[in-house]
Amino acid sequence: MPEIQTDLLRWIVAAPLLGVVLNIAAALGNRAKLARLVGPASVIVAFGLALVAVLRLAAEPAGAALVDDVYGWIEAGPLAVNLAFRVDALTAMMLLIITGIGSLIHIYALGYMDHEPDVARFFAYMNLFVASMLVLVLADSLALLFVGWEGVGACSYLLIGFWYAERANADAGQKAMIANRVGDAAFLIGMFILFWGMNALHLPSLKLSAINAAAPLLASAMPWLPTLVCLLLLVGATGKSAQIPLYVWLPDAMAGPTPVSALIHVATMVTAGVYMIARLSFLYAQAPVAMDVVALVGASTCLFAATIALVQDDLKKVLAYSTVSQIGYMVLGVGVGAFSAGLFHLLTHALFKALLFLAAGAVMHAMHGEIRMSKLGGLGAKMPITSKVFLVGSLAIAGVPGFSGFFSKDMVLEAAFAGGHRVAWLLGLMGAACTAFYIFRAYFLTFRTEVRAEPEKMAHLHEMPPVMTVPLMILALGAVAIGWLGLPGGFLWGNVLGEWLAPVLARAPGHHAHLSAATLLGLMGLATTAALAGIALAWVFYVRSPALAGRLAARSGAAYRLLWNKYWIDEIYDGLFVRSYAAWSRFAWRVVDTTIVDGLVNGVGQSVTLLAGLWRRVQSGDLQHYALATLAGAVTLVGGAWALTAGF
Amino acid sequence: MEVFFSLAKVVVAFVIILQLTLILLWVERKGSALIQDRVGANRANLFGGLLPFNLGIVNTWMADPLKLFHKEDIVPADADRFLHWLAPFVGIVPLFLTFAVIPFGDVLKVGGFTIDLVAAPIPASVLFVLAMASLAVYGVVIGGWASNSRWAFLGGVRGTAQMISYELALGLAIVSVVLTYGSLDLQAIARAQGALMWGVVPAWGVFYQPVALVLLFIAGMAESKRAPFDLPEAESELVAGFFTEYSGSKQSVFMMADFVEVAIVAALVTTLFFGGWQVPWLGREGFHFPGGLDIALPSLVVTLLQIGSFLLKLFIFCWVQILVRWSLPRMRYDHLMAFGWKRLLPIGLVNLVVTAVFVLAFEGWTVR
Amino acid sequence: MNVPVEFPLGLAAALFAIGAFGVVFRRSVIVVLMCVELMLNAVNVTFVALARELGAMAGQTAVFFVITVAAAEVAVGLAILLVAFSRRRTLDGDQFASLRG
Amino acid sequence: MIAFWVVALLAIAGALVVVLHRNPVYSALGLVLTLFQVAVIFALLEAPLLALLQVIVYAGAIVVLFLFVIMLLALEPEKRLAAPFPVAVAGLVLAGLLGFALAAASTVPLAGAGQGALPAGFGSPESLAASLFGAHLLPFELTSVLLLVAVVGAVVLARRRS
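Residue numbers (this note's numbering), protein chains in the order written: chain S, 126 to 773; chain D, 45 to 412; chain E, 2 to 102; chain H, 850 to 1011.
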């Protein structure tokens, strides 16, 4: 594969980093105007540079990559890691998502954060996040990828707790941090084992391309190693990408400002796990067991989260669980070996879910923080643009034919079916029906049906300024159009994205089964039917006869409570891990620390005091005495040395 | 034979410096008189008044020294007698020694011998000059302390601080020149200045190191403790400073040291910046004028021309110092210190760094 | 003229011993400081003598460093003495025993 | 050899003045005497450059500094010269032993000594510079830092507290 050296890539990362510096300066100098200029501008510059890089890459033959070797970073024993960036087809796609959607969200944030006094700090965090995310996708080694991985985690923590004065927000930030720590520990261990294995093959490298190239060798030399590593990395991915069992932090993460949710917890950071698995697709291809686990995790998360989303009242919570569920599709996609299908869904989801979130943010902004759907309703008349773009996003996520979600979700499900993962396919299909239902439930309850909000709030209600609506409209356009990049096999121009990505992804075993056109059409029909059925059901429940929903909820009390309380997962975790950990900590404090450690420390101190009391008499404070002692020492040394050399 | 030549050179150097001292004394008397519109020394005329004008040179040349050496040598009651006696000689010996390394000509070829015309041809003679300059402090310190007098003591303290402070600027100026010519040997530096820039202008230090010239001149005058830097012996404040309690021959030694220092500064300026003994376009075999005109001369004539040139330059710079002394008022002590540490020293450092950069960046910047 | 190496070494030993004795013997801190200089010079003589004996310039380089460091040491030492004198009005070493244990 | 003996005896005489004279001014002058003789010994031992440096730095700066401080503090000749008698005696004995041991140690033959003629230019400015800026560049640079620290420290210590 040809590699083209260029100095361009470092500047893509440098642009938002410069933004961070300027924003910190702005925060210290209390210059909000500067921050409002620099914050979005630095990301737009990064977008421009990324565009240049991608265009340069596109001009090269398929499979080429741009490489920017900045400097030697770590050298320890056999390990040598360079701080080097690399852009291939996969990274190019991620670059455009991060900087493109990132730019739109930064512009939107100008409007959303217009009353925020601490806007410089906000943009400093946001730019730092963009920089970290860029490092993550540009990294040419697993070690550097991990730097970005931790960087985005830290920024996520900072931004979730942006309004840290409120306890709940700070707690949500900590929850995200701790859940991610569990995953990151597994990730690190996986990386260590991987390097150990590479070193055993005399290939001491953490370069992603080297790992991918060495994957078959690893598998033949140590058959257990790829599976173990892939499972450990998967745990890392479930943390970052909010999959079962570590998904619990993501719904709470919505405590942060909405642009943050849209950028970090929808479009970019949470897809890092999917990206990482795709990045190491050749390694995963050597670990079929791990792949099956990945698929299973994805499929079950997909349905599990979708069911919770069915009954939530908080609009952002619905979208949050929806995100968990949608990432489940992506994981399912990469798990069944259809890496490009998973990435395709990543791309479409980034657009339509960012759109939905920003629209929800607009509602929240307009309603002064009110986001419970039971207090909304009928906003469509006052906020026509927001309402329309939300509808576009809903159609896209529900998978109505012609919209982007249809193509990508269908490609994932089709791959699951073709790969023989029938159970996973079924779970995904059910999830699709649920998705259509909850998203239209949200749409109807928010923008249609009768007004339930207080009159004075409705009186002040108005459409958002262009700085917020224009990004929404651009995203809406993208949410429709982007799906046409991946048409099912042979139709019109075909799967453009898939072909673009193909050279850098592995072809997993089992993905070769070709489906007949009839089967394809049948699957498509099934998916479409599920989507339309969900939409229709939502319409029946919430528009045509609103009483029906309440009655159903009352009738199926236990099931409804189970969903409403999110399967009590938070409570179970609390009992299982938090409380027992607290108990152990108390033991360590009361017994280990107070008694044993303190006793030892105090004992040492007391014995030193005792000895010092004896020795202090030696210290007369008189210069001559010290000089005399030194002299005696010198005589001893010189005399001894002379005696030794003279041979006594 | 070698020993004879060495002795001869020492004698020449010693005669030059001793005679110069006496002549300078007279020049100063007459010069200051000119400046102040007086007659000046006018007793004991040469040739018994046969000349139409009264030069008064005899009393400074002969009568004054004779008188001084016959005066009673008074030592204060509480003085430290040994150190009081020692101080003048400690003060003047290093100064005489300095002159031993100042070259006063190129080489003289006599009957198969090639004589280097410097009294003590040692390598690193520049450092020797600095070493002797730093030793000259002791005369002031010991003299000031041994007299056991307030005036002398204050003069001694002032003199010590002043000389140590200005030694830095002096050293920096000299080091800049050393860098320029790439040698620690005064004779080698003087020889290097015989080259020509663009085939016409002599490669004298004044063209390469004008800043160092100014620094050296100022710092040198401060080292010699003469106006405007005569704080250690400020008459209006300290009677006569560190030699207040001296009289007779010992006082005359201190005075002589003063003039020797003037001569040393002039000699350094001459050697480092004005070609030393160089006569423009005069080589060892004669003149080589830029136009292509060559005049061959015997070695002895060349040497005499060179010694003459050296003495002429030496005298000019002595005269400049006397002019300065009688023109400028005395500085205030804190101004003096601030000037040395906050002006001369930084300028010297910058000049040194710039010189070093030039030497590194433009090889062949100087004629070596 | 070529002095055998034992002679300067013996002189250095004598100087060093005198200096060391002075450090113990004298009360005045400033004289003690001078005695330290004596000892340093004794060491310098050793360095130079052995440098010639071994034909190694490293010995002379070491002397260069010793001279430099001694200058720094004296500057700081005398500054400390000035402060100490302004506190106690004396330089008698016995009077500076406030660190007595 | 005669020159060496003269110089050595003068050096020891100076050192004794330093240690034994009651008047600190004489101590300082004794020190100058010794330092000067050491410089001469340097010159005798093929280190002319160090001899000059010794005079410039030690005699020209360090001892002048001593004298300056002595005069500034107007130190009188000391009434109580020496440490308590037992300490003084112990010091004398130990210093004598040390001197003896050092002198004795200097008679032990050296490995690699006396390898004939010294290299050309030994002790010249060029050779010292080559050693300083070659093998010992790092110590040289560190020394400059040390000097800077010393200057700052001395200024801070000696400055009047206002």
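Virtual Cβ for every residue (Gly too), placed ideally from N, Cα, C.
Requested in this report: Determine the contact status of L444/S and L600/S, defining contact as a CB-CB distance below 8 Å.
Outcome: Counting from one through the first sequence, the residue named residue 444/S turns up at place 319. Counting from one through the first sequence, the residue named residue 600/S turns up at place 475. Against a cut-off of 8 Å, the Cβ pair of L600/S and L444/S comes out as no contact.
Query raised in the report: If we count the other Cβ atoms within 10 Å of its Cβ and call it buried at 16 or more, is M2/E buried or exposed?
Result: Counted from its first residue, the third sequence places residue 2/E at position 1. Reliability of the predicted coordinates at M2/E is poor, the pLDDT of 49 falling under 50, and no value is obtained from them.
Report task. Could you pull out every residue in the same chain whose Cβ sits closer than 6 Å to the Cβ of M302/S, ignoring the five residues on either side in sequence? Result -> By 1-based counting over the first sequence, the position of residue 302/S is 177. Listed in chain order, the non-local C-beta contacts of M302/S below 6 Å within the same chain comprise Y282, local neighbours out to five positions each way being set aside.
Report task. Would you kindly work out how many angstroms separate the C-alpha atoms of V373/S and A189/S, rounded to a whole number? Result -> Along the first sequence, read from residue 1 onward, the residue named residue 373/S stands at position 248. Along the first sequence, read from residue 1 onward, the residue named residue 189/S stands at position 64. Their Cα atoms are separated by approximately 39 Å.
Requested in this report: Would you mind working out which of D213/S, V168/S, V722/S and P341/S sits nearest D193/S, comparing C-alpha positions?
Outcome: In the first sequence, the residue the question calls residue 193/S occupies position 68. When each option's Cα is compared against that of D193/S, the closest is D213/S.
Report task. Taking all protein chains shown into account, decide if R412/D is buried (16 or more other Cβ within 10 angstroms of its Cβ) or exposed. Result -> The count along the second sequence starts at 1 and reaches residue 412/D at position 368. At R412/D the pLDDT is 47, less than 50, meaning the model places this residue with poor confidence; the figure from the coordinates comes in the next sentence. Looking at its Cβ environment, which holds fewer than 16 other Cβ atoms inside 10 Å, R412/D is exposed.
Report task. Using alpha carbons as the reference points, say which of A857/H, P933/H and P873/H lies closest to D95/E. Result -> Numbered from 1 along the third sequence, position 94 holds the residue referred to as residue 95/E. Closest by alpha carbon: P933/H.
Query raised in the report: Per DSSP, N620/S is paired with what?
Result: Start at 1 with the first residue of the first sequence, and residue 620/S comes out as number 495. Per DSSP, G611/S.
Requested in this report: Might you give, ordered along the chain, the residues of its own chain that have their beta carbon closer than 8 Å to the beta carbon of I199/S, omitting 5 neighbours on each side?
Outcome: Position 74 of the first sequence, counted from the start, is the residue given in the question as residue 199/S. Taken in chain order, the residues that qualify are A205, V206 and A268.
Report task. Quickly, what does DSSP pair G330/D with across the bridge? List them, please. Result -> Counting from one through the second sequence, the residue named residue 330/D turns up at place 286. DSSP, once it has assigned bridges, lists G327/D and A340/D as partnering G330/D.
**Report entry** Alpha-carbon to alpha-carbon, S178/D and I208/D
**Finding:** Your numbering for residue 208/D matches position 164 in the second sequence. Your numbering for residue 178/D matches position 134 in the second sequence. Answer to the nearest angstrom: the Cα atoms are 8 Å apart.
Query raised in the report: What does S413/D reach in chain H if we use C-beta pairs closer than 9 Å?
Result: Nothing about residue 413/D can be reported from this structure: the residues present for chain D run from 45 to 412 only.
Query raised in the report: DSSP three-state call for S266/S: helix, strand or coil?
Result: Sequence index remark: in the first sequence, residue 266/S carries index 141 (1-based). It is a strand residue.
Query raised in the report: Which whole-angstrom value describes the C-beta separation of A14/E and A952/H, a residue pair presumed to lie in contact below a C-beta threshold of 8 Å?
Result: Your numbering for residue 14/E matches position 13 in the third sequence. Your numbering for residue 952/H matches position 103 in the fourth sequence. Confirmed, Cβ separation roughly 4 Å.
Requested in this report: Return helix, strand or coil for A246/D, following the three-state DSSP convention.
Outcome: The residue given as residue 246/D occupies position 202 in the second sequence. Checking the displayed sequence, the identity of residue 246/D turns out to be Pro instead of Ala. Three-state DSSP puts P246/D in a strand.
**Report entry** C-alpha distance - L622/S paired with R161/S, whole-angstrom precision
**Finding:** Residue 622/S sits at position 497 when you count from the first residue of the first sequence. Residue 161/S sits at position 36 when you count from the first residue of the first sequence. If you take the alpha carbons of L622/S and R161/S, they lie about 35 Å apart.
Query raised in the report: Using a C-beta cutoff of 8 Å, does P936/H count as contacting chain S?
Result: Looking up residue 936/H in the fourth sequence gives position 87. In the sequence on display, residue 936/H carries Val and not Pro. Answer yes: the Cβ-Cβ gap between V936/H and chain S drops below 8 Å somewhere.
Query raised in the report: Taking C-alpha atoms, which residue in E925/H, I905/H, M920/H and G970/H lies nearest to A72/E?
Result: Numbered from 1 along the third sequence, position 71 holds the residue referred to as residue 72/E. Of the candidates E925/H, I905/H, M920/H and G970/H, the one whose C-alpha sits nearest the C-alpha of A72/E is I905/H.
Query raised in the report: Taking Cβ to Cβ, would you say P120/D is nearer than 8 Å to G183/D?
Result: Translated into the one-based positions of the second sequence, residue 120/D becomes position 76. Translated into the one-based positions of the second sequence, residue 183/D becomes position 139. Going by C-beta atoms, P120/D is not nearer than 8 Å to G183/D.
Report task. Label A978/H either buried or exposed according to how many other C-beta atoms from any shown protein chain fall within 10 Å of its C-beta, with 16 as the threshold for buried. Result -> For the purposes of this step, residue 978/H is taken as the residue at position 129 of the fourth sequence. Per the 10 Å Cβ criterion, exposed.
Query raised in the report: chain S beta carbons: is any one of them nearer than 8 Å to that of A21/E?
Result: As a working mapping, residue 21/E is identified with position 20 in the third sequence. For A21/E, the answer is yes, since a Cβ of chain S falls inside 8 Å of its Cβ.
Query raised in the report: For F982/H and chain E, any beta-carbon pair shorter than 8 Å?
Result: One-based indexing of the fourth sequence puts residue 982/H at position 133. Taking Cβ atoms only, chain E never reaches closer than 8 Å to F982/H, which makes this a no.
**Report entry** Whole-angstrom C-beta distance between V170/D and I218/D, which should lie under 8 Å
**Finding:** As a first step, residue 218/D is located in the second sequence; it is residue number 174 there, counting from the start. As a first step, residue 170/D is located in the second sequence; it is residue number 126 there, counting from the start. That belief holds up - the Cβ atoms of I218/D and V170/D are roughly 6 Å apart, short of 8 Å.
Query - Buried or exposed by the 16-neighbour rule on C-beta atoms within 10 Å, applied to D81/D - result: On the second sequence, residue 81/D is found 37 positions in, with the first residue counted as 1. By the 10 Å Cβ count, D81/D comes out exposed.
**Report entry** V912/H to V221/D span [Cα, whole Å]
**Finding:** In the fourth sequence, the residue the question calls residue 912/H occupies position 63. In the second sequence, the residue the question calls residue 221/D occupies position 177. Cα-Cα distance, rounded: 28 Å.
Report task. Use the C-beta contact count for I137/S: other C-beta atoms within 10 angstroms, 16 or more gives buried, fewer gives exposed. Result -> Locating residue 137/S in the first sequence gives position 12, counting from the first residue. Result: buried.
Report task. Give a yes or no on whether the minimum CB-CB distance between E990/H and chain E is below 8 Å. Result -> By one-based count along the fourth sequence, residue 990/H stands at place 141. With respect to chain E, the C-beta atom of E990/H has no partner C-beta closer than 8 Å.
Query - Residues near N324/S by beta carbon distance below 7 Å, same chain, minus five either side - result: Start at 1 with the first residue of the first sequence, and residue 324/S comes out as number 199. Around N324/S: P203.
Report task. Compare the C-beta of A790/S with all C-beta atoms of chain E and state if any pair is closer than 8 Å. Result -> What the structure shows of chain S is the stretch from 126 to 773, and residue 790/S is not part of that stretch, so it cannot be assessed.
Query raised in the report: Mind checking M106/D: buried by the 16 CB within 10 Å criterion, or exposed?
Result: In the second sequence, counting from the first residue as 1, residue 106/D sits at position 62. By the 10 Å Cβ count, M106/D comes out exposed.
Query raised in the report: Which residue comes first and which comes last in the alpha helix (DSSP H) that contains N207/S?
Result: The sequence position of residue 207/S within the first sequence is 82, counting from 1. Counting along the chain, N207/S falls outside any alpha helix (DSSP H), though it belongs to the beta strand (DSSP E) covering L204 to V212.
Query - C-alpha distance - K332/S paired with A984/H, whole-angstrom precision - result: As a first step, residue 332/S must be located in the first sequence, where it is residue number 207. As a first step, residue 984/H must be located in the fourth sequence, where it is residue number 135. Approximately 40 Å between the Cα atoms of the pair.
Report task. Provide the residue span of the alpha helix (DSSP H) that contains A424/S, from first to last. Result -> Looking up residue 424/S in the first sequence gives position 299. A424/S -> alpha helix (DSSP H) spans P413 to A434.
Query raised in the report: Around the C-beta of L520/S, are 16 or more other C-beta atoms found within 10 angstroms, so that it is buried, or is it exposed?
Result: Taking the first sequence and counting its residues from 1, one reaches residue 520/S at position 395. Burial call: buried.
Query raised in the report: Any idea if A82/S is buried or exposed, counting beta-carbon neighbours within 10 angstroms, 16 or more meaning buried?
Result: Outside the shown range of chain S (126 to 773) lies residue 82/S, about which nothing can therefore be said.
Report task. Would you list the residues sitting across from A201/S in a DSSP beta bridge? Result -> Here residue 201/S corresponds to residue number 76 of the first sequence, with the count starting at 1. Answer by DSSP bridge pairing, in chain order: L204/S.
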